[in-house]
Amino acid sequence: MSAVELSHNHAAGSLGQVFARLTARIAAWNDARITRRELSRLTDRELTDIGLTRGDIEHVARGL
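Under my numbering, the first residue of the sequence shown carries the number 151, and numbering increases by one thereafter.
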């Protein structure tokens, strides 16, 4: 019987990590874009009701 040894390819693992980080950054950017868009659609009165001003929208969208 012969034994087969599988080794982890470091380059492939690194590429997978890069892809995962890129995917996460794109998802975060898209979430911020949607949040910014939805908050921008609210009236000043509606923003005040939830304790925000127009100047807060960017900070909220970025999660700051």
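Yeah, the Cβ is synthetic: ideal placement off N, Cα and C, and Gly gets one too.
Note that this is a predicted model, so its numbers are computed, not measured.
Can you tell me whether residue i is helix, strand or coil according to DSSP?
| i | result |
| --- | --- |
| I200 | coil |
| T173 | helix |
| T185 | helix |
| L165 | helix |
| G205 | helix |
Which residue from the options puts its Cα closest to that of residue i?
| i | options | result |
| --- | --- | --- |
| E188 | T173, E208, A170, I176 | E208 |
Under the assumption that residue i contacts residue j (Cβ atoms under 8 Å), give the Cβ distance between them as a whole number of angstroms.
| i | j | result |
| --- | --- | --- |
| A211 | R186 | 4 Å |
| L197 | R204 | 7 Å |
Given 7 Å as the limit, tell me if residue i has its C-beta closer than that to any heavy atom belonging to the ligand ATP.
| i | result |
| --- | --- |
| A174 | Among the components of this structure there are no ligands whatsoever, and the ligand ATP is therefore not found. |
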